[in-house]
Amino acid sequence: SDTTLTIETSIPFTAHNCDAPSRAVETSPSELLTFYRDMAVMRRMEIAADSLYKSKLIRGFCHLYDGQEAVAIGMEAAINKKDCIITAYRDHCIFLGRGGNLVEVFAELMGRKDGCSKGKGGSMHFYKKDSGFYGGHGIVGAQVPLGCGLAFAQKYSKDENVTFALYGDGAANQGQLFEALNISALWDLPAILVCENNHYGMGTAEWRAAKSPAYYKRGDYVPGLKVDGMDVLAVKQACKFAKEHALKNGPLILEMDTYRYHGHSMSDPGSTYRTRDEISGVRQERDPIERIKKLLLSHEIATEKELKDTEKEVRKEVDEAIAKAKESPVPEPSDLFTNIYVKGYGVEAFGADRKEIRATLP
Amino acid sequence: SDTTLTIETSIPFTAHNCDAPSRAVETSPSELLTFYRDMAVMRRMEIAADSLYKSKLIRGFCHLYDGQEAVAIGMEAAINKKDCIITAYRDHCIFLGRGGNLVEVFAELMGRKDGCSKGKGGSMHFYKKDSGFYGGHGIVGAQVPLGCGLAFAQKYSKDENVTFALYGDGAANQGQLFEALNISALWDLPAILVCENNHYGMGTAEWRAAKSPAYYKRGDYVPGLKVDGMDVLAVKQACKFAKEHALKNGPLILEMDTYRYHGHSMSDPGSTYRTRDEISGVRQERDPIERIKKLLLSHEIATEKELKDTEKEVRKEVDEAIAKAKESPVPEPSDLFTNIYVKGYGVEAFGADRKEIRATLP
Amino acid sequence: MTVRDALNSALDEEMSADPKVLLLGEEVGEYQGAYKISKGLLDKYGPERVLDTPITEAGFAGIGVGAAYYGLKPVVEFMTFNFSMQAIDHIINSAAKSNYMSAGQISVPIVFRGPNGAAAGVGAQHSQCYAAWYASCPGLKVLTPYSAEDARGLLKAAIRDPDPVVFLENELLYGESFPVSAEVLDSSFCLPIGKAKIEREGKDVTITAFSKMVGFALKAAEILAKEGINAEVINLRSIRPLDRSTINASVRKTNRLVTVEEGFPQHGVGAEICASVIEESFGYLDAPVERIAGADVPTPYAANLERLAFPQVEDIVRAAKRACYRSVQVAATA
Amino acid sequence: MTVRDALNSALDEEMSADPKVLLLGEEVGEYQGAYKISKGLLDKYGPERVLDTPITEAGFAGIGVGAAYYGLKPVVEFMTFNFSMQAIDHIINSAAKSNYMSAGQISVPIVFRGPNGAAAGVGAQHSQCYAAWYASCPGLKVLTPYSAEDARGLLKAAIRDPDPVVFLENELLYGESFPVSAEVLDSSFCLPIGKAKIEREGKDVTITAFSKMVGFALKAAEILAKEGINAEVINLRSIRPLDRSTINASVRKTNRLVTVEEGFPQHGVGAEICASVIEESFGYLDAPVERIAGADVPTPYAANLERLAFPQVEDIVRAAKRACYRSVQVAATA
Ligand SMILES: Cc1ncc(C[n+]2csc(CCOP(=O)(O)OP(=O)(O)O)c2C)c(N)n1
Ligand SMILES: Cc1ncc(C[n+]2csc(CCOP(=O)(O)OP(=O)(O)O)c2C)c(N)n1
Ligand SMILES: [Mg+2]
Ligand SMILES: [Mg+2]
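Chains as they are written, first to last, in the UniProt record's numbering: chain X, 31 to 392; chain E, 31 to 392; chain S, 1 to 334; chain G, 1 to 334.
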């Protein structure tokens, strides 16, 4: 199962100011099987988060990624953990892709000690620095300069790695992107700006928020590539191309044409600004998991039965993780005062009633 | 002297996403004479401000406009006072172009009561709302969204007028420009973004601050025009074109290729980051006043002697204005507390020692 | 009437009364507002007066300010005030200072509004209170409604006011219902800017609060009443101008003060109130001013920590008792 | 040694000691710094470590924070702190809160520095003091040097510190000379963060100040001394953490307090110091706390008004006398 397969991407790449990579993508049966399984885990995890939210075990904002899995998975297939990734609040699956585990995800979502941010970050603030994942940011657009800063540091440190900074179609209009891109271009930073174009920023269709929704071209003087973000192989090819390009020539924009099945966050039904037909159309024709499933079957890499079994395993894995996460305790009250600083100089910090609760910062 | 003359611009316009206007500009002997005189006043005024600064009668930041006069004058020749203008801190001549007078300029620069902002604004904060001049802004880039807001209000009010928002080559990289431009394009606002490219933002040459210093193209999907900003007729033609365009089609960028003779502000000698040869080259070959002078002489509209006389008159006018401004009193101490609000509700406001100085806000 | 309906009706009435009033922000139109405050307004006033913007706060806030320079009366909605930091230069430098710098030529009749401060479970980047920052800046007015009456009366006042107003709502209050009088429902209703409201009279201790904390203070006062402490609760309503005279008059009566806010303590509203009282009524104070505020930490996500990060009713009760020298438990160290 | 040389040498030494330290900002390189603080550093460390940026504060501050996430130690210069408002979301949300939100995974060893507060004749948009705002935010440290010793010792401490530090300089101090000891000139010299310095001991009244106002407070103390009032002058040095214990210890000794700052008064540093003293030393105060601060107005340009807009030595003297119940003139109304 480690023979090389060459598979053509669904549609050609569209390039701006650069030559598009080949549509022929090299893969292998085992890679395709892994893609299938990993995307299935992500899908299942997000569905489970939806349920946990509805049963009030998850609070606040919760943004789900189902539909967009091919971006996270395809990107990881092209890079390594010394490359950096930074994204916005829709971060559960990116964390998983970087090697995070399900218990850490669910524990964080439920505000428990074993969460990836020990329950202090919440849904929007996952990190895994040891595998190059820098969060998890709640302010639209902010992660892009931050990502360019990671790329700056990689270049400064002479590490031959790159940073992928993910942002949405809504975020693509933010001025700080243009500022960061200009600096990145001036300084030849190995920064790849990945616009996950799921066609809506909250309830606003791309064309209502952007005079030019051709996001791969929005870098103007910076090259760009439009990619079918529902095709994991296209994503992989594009990210491979982007990494090489960025190390040699500096920044590049990848526009991933993708789709979110869920509403914007758990408080958005996601059905007032788009039709149900649109959603089900994408599910039927472009679903990233279905696409891989078809490949696995048509190339006789797996049988229907085997894939069903995988799905069952995945379900079990997710359920077990939830059970484990539920057992994780909530943070200690004293954790209120940890991690404010790396170095607190023994200063006193105060609770809401400073005469009742105070702590000495380590 | 009100015959129509048609004069060709020095060089062709360069257009981005639009058709360039004709190089043949209609003018008249009287208009050319006015251009000459008005630019001479501006030039003289800025030189005088330089002296006043050096004799410590002007304080703080003081940014002079000499070299760039053709932009202010050409723009005014194409529009009326119901069109709005907003600019940055380099605002003395724009104020004059809008109909402000020299006494108001010098009195403001010296912090006197008769200043256009009653001595409270200073060099960077001139306004003349009754002729559509909205300042005078100290924060690089901020005036551009503000200008687009003026254009929004013009459209909202169904006034058939436009707004010119001026900014520098340094400011051109500011993210808020891209944000405002996107919104202006979405809403078809009659906003004209005028990049006064004097090739330096403080001590930084354009190419060191911008990966793409083709500012007329930086609007990407927004049309743009590159204009010889040292040629008052080219500026006039471009602004006329821009106004028509903006009323019909929404925003547009005009890049004015211009030059500042002085340093960035009075604290910058202006000679460490560019050569003296460069400066004197521009003075000799492209000076906007010299250009008009040559036209006046070659078309025999005025004699050398008449122009010299004009210059003398201008000198006198400036000197008299300075003398008058010097007689203007400094603001009353009580002005410290005026204009904080339009409506102060009789609330108390405090001086540095609140038990010593307080005022009731009207 | 819910606070949401109060805000919605105030916007509606002011838009209907003055064609110069318009609303812009993210999702205010077709989506009816992220928190549904602008429900129905797009339908009623059309896309020229209810404008959906891209997610570009600096851009659209700047455009709003520019439109106000020209004489329009924009209401700019921030989806939450956390995002106003992207536009803060326009609020401070373009809006607050222009009338002064221009010696009165450029007035700026604009309202910046949206939910401020903590919501539930939204973490450190989405929970900050901006009352103290904005209210430090001369040229701005800063209003903080609590009840439906406040919301209606203050928003109408803010829109009619000729100066820039920062209007800080609270997401957790949107759905809360308050009884309102017929007067409040009248379209001419308006509250004065700069005046606090005594929500509950008392003689033993003064409790100042704003926004959601007014409700907590009232609950605390009920508990205190049962223990024989008669607390006066002041709903500040306006943080700038701050109603120093109402606060001082109350303290001169009760001789004791507890300040309550959800924001960070350092340089907060409580500190200012304390200073104001020390300056004007030093001799009247029988006990140290007690300050209840958000904990001095970024907001944690976990529910148990989040609860510790913001004032609770029992904190107010405890502080009031301390101010009245009633026995309270000994301080613990977390 | 001038404050400018103190800052320059501190930067130089820390860059030479740690290859992870770099400097970025507008005009810091070829132009040698708008105020020449970075003079010579480009030559010495090259364009990879001394980076001229475009005038895009949000962009380059964000890039600085991202680089700090990775482990570099960027020093980000704002040409003045007024422009930091364009980047304030990165200072607050990206820098201050990340270590907490990530439960310690993402530390942010960065310094934001530049001139803060009023200069001379630069008007309302270029004169604001940001000490109170930044120091309200947990996760940040905020330092305010006065002398050359402060500038050297605190900047070195800031660069070595693993957390985000906002370092507020004052343009009008750059050219001022201060005597310094050999110890201060040693490259190992460093001052503790969070500790105030008693610049002058006294027993009659405590005067707290920071940045340029320390000099004014010392001058006021000299004048007061001639009139028999012995003032203790505290140079705060650090606004966050605020050295509450030094302040309270002093007030417990003098029983009187005058706070001095150039920033806007409401929610300012003076208000916080007042609250801290009321909380911890209420019984020790023999007079109301006197607050001297910037006038509650946007900064006017005209020299005579500008002078009225900021504390002068005589304001401090007058307030100290009031605190000591010495006769002072009657209040005037402007
Ligand atoms: C500066 C800022 N403004 C507004 C918001 C509120 N907000 C959160 S997500 C979002 C929509 C973003 O859309 P997009 O960039 O397309 O990303 P997607 O959610 O589709 O992944 C908005 C408006 C925010 N978090 N930050
Ligand atoms: C946001 C901001 N950052 C920095 C500054 C300081 N500053 C004032 S003018 C200037 C240079 C601007 O250059 P440019 O836009 O080319 O205009 P010019 O001065 O050439 O007319 C700088 C850096 C500022 N005023 N605002
Ligand atoms: Mg989207
Ligand atoms: Mg320039």
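The beta-carbon is built from N, C-alpha and C at its ideal position, and this holds for glycine as well.
Return no unless some Cβ of chain E is closer than 8 Å to the Cβ of G:N170.
-> no
Who sits around ligand 4, taking every residue whose Cβ is closer than 6 Å to one of its heavy atoms?
-> E:G198, E:D199, E:G200, E:N228, E:Y230 and E:G231
So, does the CB of S:E27 fall closer than 8 Å to a CB anywhere in chain X?
-> yes
Exposure label - S:E201; buried when at least 16 CB within 10 Å | exposed
State the Cα-Cα distance for the pair S:Y284 and G:P298, rounded to the nearest angstrom.
-> 33 Å
Please list the partners that X:V170 has in chain S, where partner means a Cβ-to-Cβ separation under 7 Å.
-> I55
For S:T254 and S:T208, believed in contact at Cβ under 8 Å, the rounded distance = Incorrect: roughly 11 Å between the Cβ atoms, too far for contact.
Among the residues of its own chain, which have a CB less than 7 Å from the CB of S:C274, if the five just before and after it don't count?
-> T259, V289 and R291
Regarding S:E30 and ligand 1, is the C-beta to nearest heavy atom distance less than 7 Å?
-> no
Would you give the residue range spanned by the beta strand (DSSP E) that S:S238 belongs to?
-> S238 to R240
Other residues of its chain near S:G64: CB distance less than 7 Å, five sequence neighbours each side excluded = L24, P74, V76 and I110
Buried or exposed by the 16-neighbour rule on C-beta atoms within 10 Å, applied to X:L142 | The sequence as given places Arg at residue 142 of chain X; Leu does not occur at that position. The residue in question, X:R142, is buried, as its Cβ has 16 or more Cβ neighbours within 10 Å.
Residues, ordered as in the chain, of the stretch 61–92 of chain X that lie near chain G by beta-carbon distance below 7 Å = none
Check E:N47 in the structure and name its three-state DSSP category.
-> coil
In angstroms, rounded to a whole number, what distance separates the CA positions of E:A221 and E:A172?
-> 15 Å
Any chain G beta carbon closer than 8 Å to X:Y375 = yes
With X:M286 as the anchor, note down where its beta strand (DSSP E) starts and where it stops.
-> L282 to D287
For chain E, is any of its Cβ atoms less than 8 Å away from the one on G:P311?
-> yes
Considering G:D315, what are the terminal residues of the alpha helix (DSSP H) in which it resides?
-> V313 to A323
Under the three-state reduction of DSSP, which class applies to S:L22: helix, strand or coil?
-> strand
Where X:S214 sits in the DSSP three-state scheme | helix
In angstroms with no decimal places, state the Cα-to-Cα distance between G:S281 and G:A119.
-> 35 Å
Against chain E: residues of the stretch 247–259 of chain X by CB proximity under 8 Å = K247, R248, D250, Y251 and V252
Check whether the Cβ atoms of S:E279 and S:V269 lie closer than 8 Å to each other.
-> no
E:G311 (DSSP reduced to helix, strand or coil) | helix
Three CB pairs or more closer than 8 Å across the stretch 47–65 of chain X and the stretch 312–327 of chain X | yes
DSSP three-state call for G:T333: helix, strand or coil?
-> Residue placement at G:T333 cannot be trusted, given a pLDDT of 48 that sits under 50; the coordinates are not used to answer.
Measuring only between beta-carbons, confirm whether S:K97 sits less than 8 Å from chain G.
-> yes
Can you tell me the Cβ-Cβ gap for S:G66 and E:L176, rounded? I've got them flagged as a contact below 8 Å.
-> 4 Å
Got a sec: which bits of the stretch 75–106 of chain S sit with their beta carbon under 8 Å from any beta carbon on chain E, in order along the chain?
-> D89, H90, N93, S94, S98, N99, Y100, M101, S102, A103, G104, Q105 and I106
Three-state secondary structure assigned by DSSP to S:D296 | coil
Taking DSSP as the reference, what is the three-state secondary structure of X:L277?
-> helix
Cβ shell of G:A287 (< 6 Å), same chain only, five flanking positions each side left out | R256 and A323
Is there at least one non-hydrogen atom of ligand 1 closer than 7 Å to the beta-carbon of X:R238?
-> no
What are the residues of the stretch 155–167 of chain S that lie near chain E, defined by any Cβ-Cβ distance shorter than 8 Å?
-> D161, P162 and D163
CB contact check: X:S125 to chain G, cutoff 8 Å = The sequence given here has Phe at residue 125 of chain X, not Ser. It does not: the Cβ of X:F125 has no partner Cβ on chain G nearer than 8 Å.
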